[in-house]
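Our numbering numbers the first residue of the sequence shown as 1433 and each following residue consecutively.
We put the beta carbon where it would ideally sit given N, CA and C, even for glycine.
Computed from a predicted model, the values in this text were never measured in an experiment.
Please read the structure below before turning to the comments.
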Amino acid sequence: MFAKLISARSFFAALGLALSCMVGALAPTTASAAIPYLQLNASEPKYAAIVIDANSGEVLYDKRADSPRYPASVTKVMTLYLTFEALSEGRMKLTDRVVMSPRAAAQAPTKIGLRPGDSMSVDEAIKAMTVKSANDVAVAMAERLAGSESRFAALMTLRGQELGMRNSRFVNASGLPDSRQISTARDLAILSRATMRDFPQYYSYFAVKGFYFRGNYIKGHNRLLDSMEGFDGLKTGYTNASGFNLAGSAVRDGRRLIAVVLGGPSTAWRDNNMEDLLLTGFDVMKRRSRGERTSIAANIYEDDPSGPIERPSVEQGDGDQAGLRIVLTENPRNPGPVKVSPTLRGAQEAAKPKASAKKPKGEYGVQVGAFKSKSLANEQLKLVRGRFAKVVAEAEAAVEGAGGTFRAQFQGMTSDAARSACSALKAKRVPCLVLAP
């Protein structure tokens, strides 16, 4: 009972911190406001890795394990950690429903694709995150647990600090590209170990290879679940900026190892490197038990991957990388702030009206959705404005109500601007209709 009280107190304290963070995020800022970019040494490869003994936490191998990296969808391990925490504390049940908001439904792929207002069970939502790596479901779960994704992200960062993740910061629940969201191989190994240690009753979700959802079979991305004996989780991740990531774990001869590989140039290279690290780790552990003094580094061929990242199909990706860049610096340990454009400052900032914006001209427009309430229509307008600021920069947001339906529109555009905007929005799977005079 005492442990539950402490856990609940910690949760509400985290909520307080999250609220203060959210207020800060919404505070007015100037055009020159700065946010930290991920800082990488100009000569440093993206690749980083670590192997640890799950039982003792001993580090058996590390390479750039404390260098900042983009976690991509490995982020969802923290989203799932907080989901499992809510389940274990009785704040949520596997049969409860997770409702898809307009904001969640509009997330970039990969996604389940539920429409706003539709829902799925918590059990289905967990599988959607572990198997499909569904970004829309991650956001919906964040909103279910904390009211908003920004508040949930503050909870993620706080819980990470409590677990010992000293170099991680979360700003979204999915791992979609954001220059402010960083972690390290060591921190992600700490998170993986904490997840299986604190919630062993839910760890098996990471070993699910596929599941049926509304009559369709959804197959996962983690190929090592099929190809490597004893491998049973955890999570893949990919963006252009991060490369191919994987936090994994396997059991051999009663020993469990955890490994994290970040920045692989392809799924095959990443998976092969993960398997090499784990197999070598098991061999080292066995030889140590016989009195040999050896290490993974002494028994593995270390070769930094080179060449461009091999982009997968969108079904395996984590969304579009447009506008995201890595700032190269010679001082990665002490990253300094840099000026950024409004389009990289996040949806909240980009959605704010600009005092100096020109009045829109033209008789055309675009419609980005029709909803049963005005608030949902306004939410969609803010979302589109935030994600596609350049596309609708000269347009005026408006909600047109008729017959119980509220249409989210951007008006006052030229014919060319409206058609160009719809083309760009449809390419990102955002519904769009050109409105002619």
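Please report how far the alpha carbon of Q1799 lies from the alpha carbon of I1544, in whole angstroms.
-> Reading the sequence shown from its first residue, position 367 is the one you call residue 1799. Reading the sequence shown from its first residue, position 112 is the one you call residue 1544. Q1799 and I1544: Cα-Cα distance of roughly 23 angstroms.
Count the other CB atoms, across all protein chains shown, that sit within 10 Å of the CB of L1512; report buried if there are 16 or more and exposed otherwise.
-> The residue you call residue 1512 lines up with position 80 of the sequence shown. L1512 should be labelled buried.
Span of the alpha helix (DSSP H) around Y1513 = To locate residue 1513, count along the sequence shown from 1; it is residue 81. From DSSP, the alpha helix (DSSP H) with Y1513 extends over K1508 to S1520.
Thinking C-beta only, is D1708 closer than 8 angstroms to I1732?
-> As a first step, residue 1732 is located in the sequence shown; it is residue number 300 there, counting from the start. As a first step, residue 1708 is located in the sequence shown; it is residue number 276 there, counting from the start. Contact flag set, yes.
Roughly how many angstroms lie between the CA atoms of R1720 and F1820, to the nearest whole one?
-> Taking the first residue of the sequence shown as position 1, residue 1720 is located at position 288. Taking the first residue of the sequence shown as position 1, residue 1820 is located at position 388. Their Cα atoms are separated by approximately 56 angstroms.
State the Cα-Cα distance for the pair F1643 and K1651, rounded to the nearest angstrom.
-> If you number the sequence shown from 1, residue 1643 lands on position 211. If you number the sequence shown from 1, residue 1651 lands on position 219. Cα to Cα, F1643 sits roughly 7 angstroms from K1651.
Going straight from the alpha carbon of L1519 to that of A1537, what length do you get?
-> Along the sequence shown, one-based indexing puts residue 1519 at 87. Along the sequence shown, one-based indexing puts residue 1537 at 105. C-alpha separation (whole angstroms): 24 angstroms.
Sequence-distant residues of the same chain with beta carbon closer than 6 angstroms to M1845, five excluded per side = If you number the sequence shown from 1, residue 1845 lands on position 413. These residues qualify, in order along the chain: G1794, Y1796, G1797 and A1827.
When you compare each of S1852, K1804 and A1566 to A1825 by their alpha carbons, which one comes out closest?
-> Position 393 of the sequence shown, counted from the start, is the residue given in the question as residue 1825. A1825 has its Cα closest to that of S1852, out of S1852, K1804 and A1566.
Span of the beta strand (DSSP E) around S1553 | Residue numbering aside, residue 1553 sits at position 121 when the sequence shown is read from its first letter. Residues S1551 to S1553.
Name the DSSP bridge partner or partners of I1484?
-> As a working mapping, residue 1484 is identified with position 52 in the sequence shown. Per DSSP, V1491 and I1690.
C-beta contact flag for K1667 and K1508 at 8 angstroms | Here residue 1667 refers to the residue found at position 235 of the sequence shown. Here residue 1508 refers to the residue found at position 76 of the sequence shown. In contact: K1667 and K1508 (Cβ atoms closer than 8 angstroms).
Residues bridged to A1802 by DSSP?
-> Counted from its first residue, the sequence shown places residue 1802 at position 370. In DSSP, A1802 forms a bridge with R1839.
Would you mind stating whether M1660 and A1682 have Cβ atoms separated by less than 8 angstroms?
-> What you label residue 1660 is simply residue 228 of the sequence shown in a count that begins at 1. What you label residue 1682 is simply residue 250 of the sequence shown in a count that begins at 1. Contact flag set, yes.
Kindly give me the distance between the Cβ atoms of Y1874 and G1665, rounded to whole angstroms, as I take these residues to be in contact under 8 angstroms.
-> Outside the modelled stretch of the chain, which goes from 1433 to 1869, sits residue 1874, for which no answer is possible.
In this structure, what does DSSP give as the bridge partners for R1529?
-> Position 97 of the sequence shown, counted from the start, is the residue given in the question as residue 1529. R1529 pairs with S1553.
Simplified DSSP state of T1668, which is helix, strand or coil = On the sequence shown, residue 1668 is found 236 positions in, with the first residue counted as 1. In this structure, T1668 counts as strand in the three-state DSSP scheme.
Note down, in chain order, each residue of its chain lying with its Cβ closer than 8 angstroms to the Cβ of V1831, except the 5 sequence neighbours on either side.
-> By one-based count along the sequence shown, residue 1831 stands at place 399. So the list reads K1806, A1809, N1810, L1813, F1838, R1839, A1840 and Q1841, once near-sequence residues are dropped.
Would you kindly work out how many angstroms separate the C-alpha atoms of N1648 and G1596, rounded to a whole number?
-> The residue labelled residue 1648 in the question sits at position 216 within the sequence shown. The residue labelled residue 1596 in the question sits at position 164 within the sequence shown. If you take the alpha carbons of N1648 and G1596, they lie about 39 angstroms apart.
How close, in whole Å, do the beta carbons of M1694 and A1481 come, if the pair is a contact with beta carbons under 8 angstroms?
-> Counting from 1 along the sequence shown, the entry for residue 1694 is found at position 262. Counting from 1 along the sequence shown, the entry for residue 1481 is found at position 49. In the sequence as displayed, the identity of residue 1694 is Leu instead of Met. Contact flag correct, Cβ pair sits at about 7 angstroms.
Cβ-based neighbour list, V1823, same chain, cut-off 6 angstroms, excluding 5 preceding and 5 following | For the purposes of this step, residue 1823 is taken as the residue at position 391 of the sequence shown. Hits under 6 angstroms: A1853 and A1856.
Which residues in the same chain as Y1479 place their Cβ atom closer than 6 angstroms to its Cβ, once the five residues preceding and following it in sequence are excluded?
-> Residue numbering aside, residue 1479 sits at position 47 when the sequence shown is read from its first letter. Closer than 6 angstroms at the Cβ level, and outside the excluded window around Y1479, lie G1695, D1736 and P1737.
Starting from the Cα of P1503, find the closest Cα among M1524, D1494, L1546 and L1608 and give me that residue.
-> Here residue 1503 corresponds to residue number 71 of the sequence shown, with the count starting at 1. If we check each option's Cα against that of P1503, L1608 comes out closest.
If you compare alpha carbons, which of M1524, M1532 and T1542 is closest to R1861?
-> The count along the sequence shown starts at 1 and reaches residue 1861 at position 429. Checking every option, the nearest Cα to that of R1861 belongs to T1542.
Between G1833 and the rest of its own chain, which residues show a CB-CB distance below 8 angstroms, the 5 nearest in sequence each way excluded?
-> The residue labelled residue 1833 in the question sits at position 401 within the sequence shown. Around G1833: K1806 and R1839.
C-alpha distance - R1655 paired with M1628, whole-angstrom precision | Taking the first residue of the sequence shown as 1, we reach residue 1655 at position 223. Taking the first residue of the sequence shown as 1, we reach residue 1628 at position 196. Taking the straight line from one Cα to the other gives about 20 angstroms.
Contact set for R1873: own chain, Cβ-Cβ below 6 angstroms, skip 5 residues either direction = This structure cannot settle anything about residue 1873, because the visible part of the chain is limited to 1433 through 1869.
If we count the other Cβ atoms within 10 Å of its Cβ and call it buried at 16 or more, is L1526 buried or exposed?
-> In the sequence shown, residue 1526 corresponds to position 94, counting from 1. Exposed, by the Cβ-count rule.
Excluding the 5 residues preceding and the 5 following A1829 in the sequence, name in chain order all residues of the same chain whose CB lies nearer than 7 angstroms to its CB.
-> Position 397 of the sequence shown, counting from 1, holds the residue named residue 1829. Cβ within range, chain order: L1813, R1817 and F1842.
Environment of K1564 [buried if 16+ CB atoms lie within 10 Å] | One-based indexing of the sequence shown puts residue 1564 at position 132. Buried, since its Cβ has 16 or more Cβ neighbours within 10 Å.
Check whether the Cβ of F1638 lies closer than 7 angstroms to any heavy atom of the ligand NAP, and answer yes or no.
-> Ligands in the displayed structure: none, and consequently the ligand NAP is not present.
Give the DSSP-derived three-state secondary structure of Y1479 in the structure shown.
-> Start at 1 with the first residue of the sequence shown, and residue 1479 comes out as number 47. Here Y1479 sits in coil by DSSP.
Helix or strand or just coil, what does DSSP make of Q1827?
-> Walking along the sequence shown from the start, residue 1827 turns up at place 395. Rather than Gln, the amino acid found at residue 1827 in this sequence is Ala. In the structure shown, A1827 sits in coil (DSSP, three-state: anything other than H, G, I, E or B).
Would you kindly work out how many angstroms separate the C-alpha atoms of D1715 and M1552, rounded to a whole number?
-> If you number the sequence shown from 1, residue 1715 lands on position 283. If you number the sequence shown from 1, residue 1552 lands on position 120. Roughly 43 angstroms separates the two Cα atoms.
Within the same chain, show all residues whose beta-carbon is closer than 8 angstroms to that of R1598, passing over the 5 residues directly before and after it, in chain order.
-> For the purposes of this step, residue 1598 is taken as residue 166 along the sequence shown, with counting starting at 1. Once the five neighbours on either side are set aside, the close Cβ partners of R1598 are D1619.
Keeping to the same chain, check which residues put their C-beta closer than 6 angstroms to that of G1713; ignore five residues upstream and five downstream.
-> Start at 1 with the first residue of the sequence shown, and residue 1713 comes out as number 281. Result list for G1713: V1483, L1492, L1689 and I1728, in chain order.
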